[in-house]
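Chains A and B supply the protein sequences, listed in that same order.
Using my numbering, read the first sequence as starting at 31 and increasing by one per residue.
Using my numbering, read the second sequence as starting at 874 and increasing by one per residue.
Note that beta-carbon positions come from the ideal geometry of N, C-alpha and C, so glycine has one too.
Since this is a predicted model, take the numbers as computed values, not measurements.
Before any comments, here is the structure.
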Amino acid sequence: MKHTLSVLVENTPGALSRITGLFSGRGFNIESLSVAATLDPTLSHLTLVTKGDDPIIEQIIKQLRRLVDVYKVVDVSEGEFVEREMALIKVRAEDETRAEVLRTCDIFRCKVVDVSPRTYTVEVTGPESKLKAVIELLSPIGIKEISRTGTIAMAREKKTA
Amino acid sequence: MARMTGKDMVIEALKREGIDLVFGFPGGAIIDVYDALEKDGNVKHVLVRHEQGAAHAADGYARATGKVGVCLVTSGPGATNTVTGIATASMDSVPIVVFTGQVPTSLIGNDAFQEVDIVGITRPCTKHNYLVRDVKDLPRILKEAFYIARSGRPGPVLVDLPKDVQNGKAEFEYPDEIGLRSYNPVTKPNAKQIERAFSLIRQAKRPIIYAGGGIIISGAHKELRAFAEAVNAPVTMTLMGLGGFPGTHRLSLGMLGMHGTYAANMAMANSDLIIAAGARFDDRVTGKIEAFVPKAKIIHLDIDPTSIQKNVRVDIPIVGDCKMALRGLLNIVEDEGRPAEDWIEQHQAWMQQIEAWKARHPLTYKKEPGVIKPQYVIERLYEMTKGRAIITTEVGQNQMWTAQFYKFDEPRTLLTSGGLGTMGYGFPAAIGAQMAFPDKLVIDVAGDGSIQMNIQEMATAMEQHLPVKIVILNNQFLGMVRQWQELFYGRRYAATKFEWNPDFVKLAEAYGAKGFRATIPEEVDDVLSRGLEAEGLVVMEFAIAPEEGVFPMVPAGKATTEMLLV
Chain A
31 MKHTLSVLVE NTPGALSRIT GLFSGRGFNI ESLSVAATLD PTLSHLTLVT KGDDPIIEQI
91 IKQLRRLVDV YKVVDVSEGE FVEREMALIK VRAEDETRAE VLRTCDIFRC KVVDVSPRTY
151 TVEVTGPESK LKAVIELLSP IGIKEISRTG TIAMAREKKT A
Chain B
874 MARMTGKDMV IEALKREGID LVFGFPGGAI IDVYDALEKD GNVKHVLVRH EQGAAHAADG
934 YARATGKVGV CLVTSGPGAT NTVTGIATAS MDSVPIVVFT GQVPTSLIGN DAFQEVDIVG
994 ITRPCTKHNY LVRDVKDLPR ILKEAFYIAR SGRPGPVLVD LPKDVQNGKA EFEYPDEIGL
1054 RSYNPVTKPN AKQIERAFSL IRQAKRPIIY AGGGIIISGA HKELRAFAEA VNAPVTMTLM
1114 GLGGFPGTHR LSLGMLGMHG TYAANMAMAN SDLIIAAGAR FDDRVTGKIE AFVPKAKIIH
1174 LDIDPTSIQK NVRVDIPIVG DCKMALRGLL NIVEDEGRPA EDWIEQHQAW MQQIEAWKAR
1234 HPLTYKKEPG VIKPQYVIER LYEMTKGRAI ITTEVGQNQM WTAQFYKFDE PRTLLTSGGL
1294 GTMGYGFPAA IGAQMAFPDK LVIDVAGDGS IQMNIQEMAT AMEQHLPVKI VILNNQFLGM
1354 VRQWQELFYG RRYAATKFEW NPDFVKLAEA YGAKGFRATI PEEVDDVLSR GLEAEGLVVM
1414 EFAIAPEEGV FPMVPAGKAT TEMLLV
């Protein structure tokens, strides 16, 4: 079962390494990881996607909380949440495929951010499932290079006052 | 506020933390702190002969006293030599603070002479660690280091001190209080959970208390005893828990697990309620996890939430300090005011069953004429010391025979590497304990294999005039591995036979210590009494039956009821 963890951690050297070390040392799995400072520059926000059955996820969360540098851990996938990921995809765009690439981009509301005579570089944002679909459709045309941010996530607010 | 150099801050922090003793070994990258230590003159330094010895000695001091042990070493190899000691302390939740020298910040990352990323290396085996980049941060880091080491579930903390930080100056304001937003261990147990736990205890017909090292760390031995007596429940202990409940008490079943007693393992397997207190369901305790305590509900008291639900499912978790949790349970028992006879009656059939198990397979061994049995040596050691000594052990058969045949009645009287299983731990740990308690009898029970892993510390003990007594059970084998080879590897003794050993008596004498040797059972008492009475450092060597095994034994991966018996 996939879980998306939102982690607030002290913005200190080594804090990230403690977290990744915990995962490798205890045989936990990291599907994706994304980190940046928050509005409070002394804290970093980290979104971590991991897989495991319930006891493993419980251990992961407890082990993270045990780290001295970790301020807060929330499993946002326990409730309603928004997740986004961005990818930059450099796709082969020769004469016969240039239009096809643009059509696909249009359908998925991707942006072309760089153009060369033989390639388009496309920016795509959305939940992981959307990125997966775009990649699957562009792959037969020829993806030269891809760079993904990893998932970022946030819990949704209650819809009633 | 006074401006102060980093090296002086370290010494000042030690004094403010009540540390009057450090174990260490100097070098180029820590020479400045040593200079400050020497100039100050208020903190005693014990010069070891290998940095691993310093870490274990600080650990032994911490386990014997409950205070933080401190270790001071240089960069590079000095730092890496402490890693085994740090990992040992980490696995057994021992509060130590290790100061390592480091090359100047300007050289970090340049592969400078004696540079190593010790913070990176020790990240998985410390509770927390610091590389101090700016002397301005040092007072706060020093305060945090001691606080983190001793609070919550204790553990080792390492502080890496670059040479320019040691010599840089900053304002020194040592905080009295500390507030860390990201580190707030829960110590007060949830009252509702305690009530729920009690309602299970109230109904249980076959309860057993499974007590671990957390009892000793939290100082809960009095509460444990009072609680066990109040509800008339039997108590079994992990290796780390020995001494947390009196080994001679009528309710004690001794140690459980791989080399635990028959009664303890049978009682766990047949229990309907396990009350785990400060223990972590380690694989040496559970055996085959699928077959572990099939019929029991489990109450688990532990200060570390990660210990709960890690290896076994738990019915009632109670996160918090063991002493407070047991006190809470005891309060409910006392408030209820149920007559003691009712508790006794409730568990009568259970206690009878346990007595029958005890009688069927007590801890025992076969005597053979002319051959010294190691169990006999430990039994005699127990009787001659009246159980009053602080015992350290190495790791392997010597450790298990000690755990089985020496009855520990008091906490902090058995110092042994349980989690990591570090050969070479016992002797330096004995040095640490003897430094803390100069007038107590401190004995390291060793094998001929493990004593040689830190035997160089005999010079340290002599230099400090420490009257540590070393018992070497010499079977010319790495006995525990040999036992596994005998039982599970077709008696192929791969690399476990020592074809050569030093003459331990002469070796003792070469260091200026006294040495005694027994080769037949009739000499055991004489060697023990002469050795224990002699002044100063003493080695007592016993030539024991070479292929004696430790029994009962639960083979690795088997259920704990599948014990091999004597």
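Against chain B, does Glu158/A count as a neighbour if the rule is that its beta carbon must be under 7 Å from one of theirs?
Numbered from 1 along the first sequence, position 128 holds the residue referred to as residue 158/A. No - not a single Cβ of chain B is within 7 Å of the one on Glu158/A.
Whose C-beta lies closer than 6 Å to the C-beta of Val883/B among residues of the same chain, with five residues either side of it excluded?
The count along the second sequence starts at 1 and reaches residue 883/B at position 10. Within the same chain, Val883/B has close Cβ partners Val906.
Taking the alpha-carbon positions, what's the Ser1055/B to Ile1082/B distance?
By 1-based counting over the second sequence, the position of residue 1055/B is 182. By 1-based counting over the second sequence, the position of residue 1082/B is 209. Their backbone Cα atoms lie some 33 Å apart in a straight line.
Listed by chain order, chain A residues near Lys1183/B by CB distance under 7 Å
As a position in the second sequence, residue 1183/B is number 310, starting the count at 1. Within chain A, the residues Gln89 have their CB atoms less than 7 Å from the CB of Lys1183/B, given in chain order.
Does the beta-carbon distance from His1001/B to Tyr1298/B come in below 7 Å?
For this step, residue 1001/B is matched to residue 128 along the second sequence. For this step, residue 1298/B is matched to residue 425 along the second sequence. Not a contact, by the Cβ cut-off of 7 Å.
Just to confirm before moving on: does the CB-CB distance between Ser948/B and Gln975/B stay below 7 Å?
As a working note, residue 948/B is residue 75 in the second sequence. As a working note, residue 975/B is residue 102 in the second sequence. The Cβ atoms of Ser948/B and Gln975/B sit closer than 7 Å to each other.
Can you pull out the residues from the region 46-73 of chain A whose beta carbon lies closer than 7 Å to at least one beta carbon of chain B?
Within the region 46-73 of chain A, the residues whose Cβ lies closer than 7 Å to some Cβ of chain B are Ser47, Arg48, Gly51 and Gly55, listed in chain order.
Does any C-beta atom of chain D lie closer than 7 Å to the C-beta of Arg133/A?
Absent here is chain D; the protein component of the structure consists of chains A and B.
The alpha helix (DSSP H) with Glu88/A in it runs from where to where?
What you label residue 88/A is simply residue 58 of the first sequence in a count that begins at 1. Where Glu88/A is concerned, the enclosing alpha helix (DSSP H) stretches over Asp84 to Arg96.
For a quick check, are the C-beta atoms of Cys1195/B and Ser1072/B less than 7 Å apart?
As a working note, residue 1195/B is residue 322 in the second sequence. As a working note, residue 1072/B is residue 199 in the second sequence. Taking 7 Å as the Cβ cut-off, Cys1195/B and Ser1072/B do not qualify as a contacting pair.
Taking the CB atoms as reference points, tell me whether Ala1381/B and Val1423/B lie closer together than 7 Å.
The sequence position of residue 1381/B within the second sequence is 508, counting from 1. The sequence position of residue 1423/B within the second sequence is 550, counting from 1. No, the pair does not count as a contact, with Cβ atoms beyond the cut-off.
Measure the Cβ-Cβ separation of Ala931/B and Ile991/B and say whether it is below 7 Å.
Your numbering for residue 931/B matches position 58 in the second sequence. Your numbering for residue 991/B matches position 118 in the second sequence. Contact: no.
In this structure, how does DSSP classify Asp1049/B when only helix, strand and coil are distinguished?
As a first step, residue 1049/B is located in the second sequence; it is residue number 176 there, counting from the start. Residue state, collapsed to three classes: coil.
Between the alpha carbons of Glu1228/B and Met964/B, how many angstroms are there, rounded?
Within the second sequence, residue 1228/B is the residue found at index 355, counting from 1. Within the second sequence, residue 964/B is the residue found at index 91, counting from 1. Using only the alpha carbons, I get a separation of about 34 Å.
Simplified DSSP state of Gly1085/B, which is helix, strand or coil:
Looking up residue 1085/B in the second sequence gives position 212. When DSSP states are grouped into helix, strand and coil, Gly1085/B belongs to the coil group.
Neighbouring residues, chain A, relative to Pro997/B (Cβ below 7 Å):
Within the second sequence, the letter at position 124 stands for residue 997/B. Residues of chain A passing the Cβ test: Gly51 and Gly55.
Would you list the residues sitting across from Val100/A in a DSSP beta bridge?
Sequence index remark: in the first sequence, residue 100/A carries index 70 (1-based). Note: Val100/A sits in a beta bridge opposite Val39/A.
Looking at the structure shown, is Ala163/A part of a helix, part of a strand, or coil, going by DSSP?
Walking along the first sequence from the start, residue 163/A turns up at place 133. DSSP places Ala163/A within a helical segment (H, G or I) once states are collapsed to three.
Given Gly1117/B, which residues of its chain have a CB within under 7 Å of its CB, disregarding the five upstream and five downstream residues?
As a first step, residue 1117/B must be located in the second sequence, where it is residue number 244. The beta carbon of Gly1117/B lies closer than 7 Å to those of Ala1084, Ile1088, Ile1089, His1094, Leu1097, Met1110 and Pro1284 in the same chain, with the five residues before and after it left out.
At the 7 Å Cβ level, is Val100/A part of the contact set with chain B, yes or no?
If you number the first sequence from 1, residue 100/A lands on position 70. It does: the Cβ of Val100/A has a partner Cβ on chain B nearer than 7 Å.
Could you give the residue range of the alpha helix (DSSP H) that holds Ser1402/B?
Residue numbering aside, residue 1402/B sits at position 529 when the second sequence is read from its first letter. Val1397 to Glu1406 is the extent of the alpha helix (DSSP H) around Ser1402/B.
Report the neighbours of Thr1265/B on chain A: residues whose CB is nearer than 7 Å to its CB, in chain order.
Taking the first residue of the second sequence as position 1, residue 1265/B is located at position 392. Within chain A, no residue has its CB atom less than 7 Å from the CB of Thr1265/B, the nearest being about 29 Å off.
When the cut-off is 7 Å and only beta carbons count, does Glu40/A lie next to chain B?
For the purposes of this step, residue 40/A is identified with residue 10 of the first sequence, where counting begins at 1. At a cut-off of 7 Å between C-beta atoms, Glu40/A counts as an interface residue with respect to chain B.
Tell me where the alpha helix (DSSP H) around Thr938/B begins and ends.
As a working mapping, residue 938/B is identified with position 65 in the second sequence. Thr938/B -> alpha helix (DSSP H) spans Glu924 to Thr938.
Less than 8 Å between the CB atoms is what I'm expecting for Glu153/A and Val143/A, so what's the real figure, rounded?
Here residue 153/A corresponds to residue number 123 of the first sequence, with the count starting at 1. Here residue 143/A corresponds to residue number 113 of the first sequence, with the count starting at 1. Between Glu153/A and Val143/A the beta-carbon gap is near 5 Å, inside 8 Å, which marks them as a contact.
Find the nearest neighbour of Ala1319/B within the set His1338/B, Thr1295/B, Gly1133/B and Leu1339/B, judged by alpha-carbon distance.
Counting from 1 along the second sequence, the entry for residue 1319/B is found at position 446. The candidate whose alpha carbon is nearest that of Ala1319/B is Thr1295/B.
In terms of residues, what are the limits of the alpha helix (DSSP H) holding Ser54/A?
As a first step, residue 54/A must be located in the first sequence, where it is residue number 24. For Ser54/A, the uninterrupted alpha helix (DSSP H) segment begins and ends at Ala45 to Gly55.
Output yes if chain A places a C-beta closer than 7 Å to the C-beta of Pro1012/B; else output no.
The residue you call residue 1012/B lines up with position 139 of the second sequence. It does not; no Cβ of chain A falls within 7 Å.
Cut-off 6 Å between Cβ atoms - residues of its own chain near Tyr1003/B, not counting five sequence neighbours on either side
By one-based count along the second sequence, residue 1003/B stands at place 130. Taken in chain order, the residues that qualify are Ile1014 and Val1032.
State the start and end residues of the unbroken beta strand (DSSP E) segment that holds Ser1072/B.
Along the second sequence, one-based indexing puts residue 1072/B at 199. No beta strand (DSSP E) holds Ser1072/B; the alpha helix (DSSP H) holding it covers Ala1064 to Gln1076.
Counted within 10 angstroms of its Cβ, other Cβ atoms place Asp125/A as buried (16 or more) or exposed
The sequence position of residue 125/A within the first sequence is 95, counting from 1. With fewer than 16 other beta carbons inside 10 angstroms of its own, Asp125/A counts as exposed.
How big is the Cα-Cα spacing for Leu887/B and Val916/B?
As a position in the second sequence, residue 887/B is number 14, starting the count at 1. As a position in the second sequence, residue 916/B is number 43, starting the count at 1. Their Cα atoms are separated by approximately 8 Å.
In chain A, which residues lie with their C-beta within 9 Å of the C-beta of Ile1021/B?
Within the second sequence, residue 1021/B is the residue found at index 148, counting from 1. Scanning chain A for C-beta atoms nearer than 9 Å to the C-beta of Ile1021/B yields Val98, reported in chain order.
Can you give the Cα-Cα distance for Glu108/A and Arg114/A, rounded to whole angstroms?
Taking the first residue of the first sequence as 1, we reach residue 108/A at position 78. Taking the first residue of the first sequence as 1, we reach residue 114/A at position 84. The C-alpha of Arg114/A is placed about 17 Å away from the C-alpha of Glu108/A.
Count the other CB atoms within 10 Å of the CB of Glu885/B; is the residue buried (16 or more) or exposed (fewer)?
Locating residue 885/B in the second sequence gives position 12, counting from the first residue. Around the beta carbon of Glu885/B, 16 or more other beta carbons lie within 10 angstroms, which makes this residue buried.
For Gly44/A, go through chain B and note every residue whose CB falls closer than 9 Å to its CB, in chain order.
Residue 44/A sits at position 14 when you count from the first residue of the first sequence. Result: Val992, Gly993, Arg996, Asn1002, Tyr1003 and Leu1004.
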